[in-house]
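Data first, discussion second: the structure below is written as structure tokens.
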Amino acid sequence: MVLKIFFPQCCNRADSGLLVGRWVPGFDSVVVLAVIHYPFIPGQVKKYLSEMQSAIQLELTVLGSWSMPKDGQEGMDSFLKDLSTIFPQGRWLQLSRELGKRGFACQVIGRDAAVPPRGQPKEGGDDEKEKVIFIHYDQRKVMLSHLHPAHGQEPAAEGVSELRLVFQTVAQSQPLFFLDKYDDGPIKLTHWQSEGREASILVELIKQASVPMCLVLTWLLSLWTQLRSIRVLNMWPVRFVSSKLSTCVQLSHRTEHLQTISSPRRAQQHADFMRKANIFVSFLVDIALGLLLISWLYRENRIGRLANTLVPVADHVAKELQELLQWLMGAPAGLKMNRALDQVLGRFFLYHIHLWISYIHLLSPFIEMILWYVGLSACLGLTFALSVVSDIVALLTFHIYCFYVYGARIYCLKIYGLSSLWRLFRGKKWNVLRQRVDSCSYDLDQLFIGTLLFTILLFLLPTTALYYLVFTLLRLGVVLLQGFIHLMIDIINSFPLFAGGLRLFRPYRLAEGVKFKVLCEEPGMSLHLMMEINPLKLSTAVQQYRIPTYSCYPKDSWAALCKKLFVGDLIYPWTPLHKGSKED
Amino acid sequence: MSEEKFTDINGKPISLECRSHSSFCREFVVSAPKVSLRAVMVCTCAVWLSAYAAFFVTKNTAVLSSAIVTTLVGMMVHIHLIKIDHERLLIVGSLGVQVSSCFASGRESATFIEMSSIKDIVINEAIHMQRVIYYLCILLKEPSDPNGVSGVVPLFQSSKPRLNCLVKIYKSCQEILGQC
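Chains as they are written, first to last, in this note's numbering: chain A, 1 to 584; chain B, 1001 to 1180.
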């Protein structure tokens, strides 16, 4: 069997000493974490290792000895071999390197084999001449990186992988790397941080300030949730309206996010940490974009000008609708309508528009002030501004929605009536119990009235169908516009900026796997490989760390949508997920 | 190091290089033919002549500049994303197998498969377009079922060497897999 030794790059030039690390359970490999230098007292080394073991929860042991003799330091060989009796191990590794040569020499001494005396060739060749691979790794990068499960693998199958165990070993050994060369302790270590720990004042200040800030945020959020659970706000009309307004939905979504961030406990799992970081960064970016929007809107009183154009735009839309209805009441596209029904429907809708315009004109003196204060809400984020725009569009085109509902209901009733009377025409009936069409014998008067009604409905169909078509197209136009705004909001809500940034600037933190490179070897030396981290692809990182949002895209396929349109069923393009009403 | 005359399934010459770093570590490099100068010149001339023709008709210089930009961008995309220069297979006994493809611009994309998830390396037949070809692939172990195969990773997909080349690589890999 081949023994794999994972050797950190920082220890390549370390002075002679003892190797400290862990034997990977279940595989024939060992991870070297640090080198303890001479002079040391074995008792203190053992004490230090047992302290570290209880802190890290891993089986840290002395693996063997490392010798890189400097000038004038010969005669270490027998000393090194004697060390194996002080630290009894199953296998004792003796690694040595000479200055100027790139390869390492390794001797593995098993527990029962006698230590061969100096100068004599080893006996019983093969089981002591174990093949050894040295795998060099960058300790800092491996410590910070998180190895993602391979494509399609469940997390349950993780523990079996050798590389995953190696990564976990290095990541968990962080307390071992706190001793650096400036510490006046009895033990002198070499590892990636032994040149001195680096820290930044800003980071330390932020860490100290984060706990009180989290507590303040939690308190504010609890106030807000208490406010929201007042009885008045939970009664049926208010709840219904607030579930339809996308501003309220966005507000509750952001509240949930803030609750996730503001928990004062550190995230234990990598996925939780990434989630918190993503939410935090996207929240900050959202607010920054919102403030940018405010500064643009309120400069040169653009918002005043916007408010002044709002009422003329609503007027213009109403006038266009009136002209459309006049056109429909005449002979639209050369089709001949039923005059009486035409006039009734046309006048009904015209009166509706007249009412709507009156209400808009009633509100017009207040619009500028309302818009000014509503525009300030963009400081809560760009997503808020966009949801306010979406709600304004919905409110301004409310009459189109009403017309669509009226037209659709009339059309739907007509279609159902027609299909039922068509069955009567043919002498059949819909059996509700059996959910199928059965034959039925009707009386003469039933047939007479049925046929009469059928004819009436059939000849009134083109008129109703035309009104339905026109209003459905208008409604679909408004739905498309609102859908586009919601898509923008969704992208801002769910895009994981932190994960994307981490992948671009610190690609070793998100590892998909590893890459090996063969380092040029000298004849007679064992194989040396260089292990580098293979980062996750950007698209995979974005997909994996997407923040879940509330929006549900329409689940209807195009065929189902067309069928609904044809029959006259009302279409609801989106409904907020957590309200549970899925009427698609 | 050894080199012989091999071809790929279309008859174009490729080269195979086998390197043995140690008794349990071997590396195979299959190189495809490089970007041919003739193809580059033909494409560029075709694009530019049509751009000149369009310029002659429309008298708009934007056509010429867009043709230049298109040619440059197309060449960069081709050598960085499409043209694979050589494919490498590194097999280290009891550690795993690394499959990597190097593009003409020097970019290398590698995947490492651990030995514990490799069931075997075999030569399979496949129907590719209108013919049946041989390809070398790695069979992955199914964690729950010891006899099952959870996936197949085909090797040398862009160079597609013929059977004689594959047999050589297969024999070498089996020696190493048999050791552990």
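Backbone N, C-alpha and C fix where the C-beta goes; we use that ideal spot for every residue, glycine too. From a predicted model like this one, the values you see are computed outputs, not experimental measurements.
Identify, in the order they occur along the chain, each residue of the same chain with its Cβ nearer than 8 Å to the Cβ of residue i, setting aside the five sequence neighbours on each side.
i: D1085(B); result: S1031, A1032, K1034, C1102, F1103 and A1104
i: T1058(B); result: none
i: Q322(A); result: L350 and I353
If you draw a straight line from the alpha carbon of residue i to that of residue j, how long is it in whole angstroms?
i: L461(A); j: L421(A); result: 14 Å
i: F104(A); j: L289(A); result: 56 Å
i: T255(A); j: T225(A); result: 9 Å
i: R347(A); j: G568(A); result: 22 Å
i: Q172(A); j: L18(A); result: 21 Å
i: V62(A); j: V20(A); result: 5 Å
i: P1161(B); j: E1027(B); result: 16 Å
i: R386(A); j: I492(A); result: Looking at the sequence shown, residue 386(A) is not Arg but Leu. Their Cα atoms are separated by approximately 10 Å.
i: D180(A); j: P8(A); result: 16 Å
i: T1061(B); j: F1055(B); result: 7 Å
i: C379(A); j: V389(A); result: 14 Å
i: C412(A); j: W219(A); result: 52 Å
i: Q268(A); j: R275(A); result: 12 Å
i: V285(A); j: V479(A); result: 28 Å
i: K563(A); j: G334(A); result: 27 Å
i: L144(A); j: Q174(A); result: 10 Å
i: L1139(B); j: K1119(B); result: 5 Å
i: R305(A); j: V374(A); result: 15 Å
i: F459(A); j: G330(A); result: 17 Å
i: G185(A); j: Q57(A); result: 23 Å
i: D15(A); j: I36(A); result: 9 Å
i: P535(A); j: G477(A); result: 44 Å
i: P365(A); j: L297(A); result: 20 Å
i: N301(A); j: F484(A); result: 27 Å
i: L371(A); j: I303(A); result: 7 Å
i: Q250(A); j: T383(A); result: 8 Å
Quick check on this structure: which residue in the options has the alpha carbon closest to the alpha carbon of residue i?
i: T1071(B); options: T1044(B), I1176(B) and A1051(B); result: T1044(B)
i: T190(A); options: M213(A), Y38(A) and R509(A); result: Y38(A)
i: I401(A); options: G450(A), I303(A), S377(A) and Y468(A); result: Contrary to the premise, residue 401(A) reads as Tyr rather than Ile in this sequence. That would be Y468(A), whose Cα lies nearest to the Cα of Y401(A).
i: S377(A); options: F40(A), G90(A), T247(A) and I86(A); result: T247(A)
i: W92(A); options: S145(A), W23(A), H136(A) and K70(A); result: W23(A)
i: G64(A); options: Q53(A), S54(A), Q89(A) and I56(A); result: Q89(A)
i: I1176(B); options: L1049(B), P1146(B), H1021(B) and I1133(B); result: H1021(B)
i: A314(A); options: I571(A), L565(A), L395(A) and R503(A); result: L395(A)
i: I367(A); options: P312(A), F87(A) and G500(A); result: P312(A)
i: F403(A); options: I533(A), W356(A) and V374(A); result: W356(A)
i: S1050(B); options: E1114(B), L1037(B), L1064(B) and M1041(B); result: L1064(B)
i: I135(A); options: L565(A), F516(A) and V45(A); result: F516(A)
i: W66(A); options: V108(A), A340(A) and L457(A); result: V108(A)
i: Q482(A); options: E59(A), Y572(A) and R197(A); result: Y572(A)
i: K141(A); options: S441(A), A150(A) and I533(A); result: I533(A)
On the DSSP bridge list, what partners appear for residue i?
i: T190(A); result: V35(A)
i: V62(A); result: V20(A)
i: M530(A); result: H136(A) and K517(A)
i: S1134(B); result: Here residue 1134(B) is Tyr; the residue named in the question, Ser, does not match the sequence. The partner list for Y1134(B) (beta bridge, DSSP) reads E1125(B).
i: S1031(B); result: S1015(B) and H1086(B)
i: D1120(B); result: L1139(B)
i: A1110(B); result: S1100(B)
i: I303(A); result: In the DSSP output, where bridge partners are listed per residue, I303(A) has none listed.
i: I1091(B); result: R1026(B) and V1097(B)
In chain order, what residues of the same chain lie with their CB nearer than 6 Å to the CB of residue i, ignoring the 5 residues before and after it?
i: P1143(B); result: none
i: F498(A); result: A277, N278 and V281
i: Y1170(B); result: I1123
i: S1172(B); result: R1026
i: V132(A); result: L3, C106 and S526
i: E1108(B); result: S1100 and C1102
i: V1029(B); result: E1017, H1086 and R1088
i: G417(A); result: L457
i: L474(A); result: I400
i: R503(A); result: L510, L538 and A541
Note down, in chain order, each residue of its chain lying with its Cβ closer than 7 Å to the Cβ of residue i, except the 5 sequence neighbours on either side.
i: Q120(A); result: Because the pLDDT at Q120(A) is just 36, under 50, the model does not fix this residue reliably, and the point stays unresolved.
i: M531(A); result: I135, H136, Y137, V514 and F516
i: A55(A); result: P175
If you measure from the CB of residue i, is any heavy atom of the ligand ATP nearer than 6 Å?
i: W236(A); result: The model depicted lacks the ligand ATP and carries no ligand whatsoever.
Could you run through the region 129-147 of chain A and flag, in chain order, every residue whose CB is less than 9 Å away from some CB of chain B?
K131, I133 and I135
Using a Cβ-Cβ cutoff of 7 Å, what residues of the region 1109-1131 of chain B are near chain A? List them in chain order. A1110, T1111, F1112, E1114 and S1116
Near-chain A residues of the region 1011-1029 of chain B - C-beta to any C-beta below 8 Å: H1021, S1022, S1023, F1024, C1025 and E1027
- request: Quick one: which residues of the region 1084-1099 of chain B get their C-beta closer than 9 Å to a C-beta of chain A? List them in chain order.
  value: Those residues of the region 1084-1099 of chain B that come within reach of chain A (Cβ to Cβ, closer than 9 Å) are L1090, V1092, G1093, S1094, L1095, G1096 and Q1098.
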